[in-house]
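Asks: The numbering of the sequence shown is my numbering, which starts it at 1363 and goes up by one.
Using N, Cα and C, we set each Cβ at its ideal position, and we do this for glycine too.
Mind looking over this structure? Questions follow.
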Amino acid sequence: MSQKRNLKSWIHNLVDEDGIKTEVTLEMDDEMLRKLVFAILGAGTGVILFHHLLKNTIPNRQLSSIQNQLQQLKIANT
């Protein structure tokens, strides 16, 4: 049966009284691996959603400037 490990115990295993250990072995069970995969997928989805919302809520000033210039050119040519 696997031991329950938390972040504090992992950090304790990475650092000893001499400093950071150079060889570290981390054992992960299936449940922890699933949690890690879902956390990475969730973070990626969150970043994509944040980018999409940010892109659509803040107007692109360069694009609106180009559109205004095109309208002025169309009006000047007619």
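May I have the straight-line CA-CA distance separating Asn-1439 from Lys-1417, to the nearest angstrom?
Replies: Taking the straight line from one Cα to the other gives about 33 Å.
Asks: With DSSP run on the structure shown, which of helix, strand or coil describes Asp-1378?
Replies: Here Asp-1378 sits in strand by DSSP.
Asks: Determine the DSSP secondary structure at Met-1394, reduced to helix, strand or coil.
Replies: Helix at Met-1394.
Asks: Express the C-alpha separation of Lys-1436 and Pro-1421 in angstroms, rounding to a whole number.
Replies: For Pro-1421 and Lys-1436, the distance between alpha carbons rounds to 23 Å.
Asks: With a CB to CB cut of under 7 Å and the five nearest residues on each side skipped, what residues in its chain are close to Met-1390?
Replies: Excluding residues within five positions, none has a Cβ falling inside 7 Å.
Asks: In three-state terms, what does DSSP make of Asn-1368?
Replies: Asn-1368: coil per DSSP, three-state reduction.
Asks: Roughly how many angstroms separate the alpha carbons of Leu-1411 and Leu-1369, rounded to a whole number?
Replies: Roughly 28 Å between the two C-alpha positions.
Asks: Do you know how far the Cα of Leu-1415 is from the Cα of Gly-1408?
Replies: Looking at the two C-alpha atoms, the distance is approximately 10 Å.
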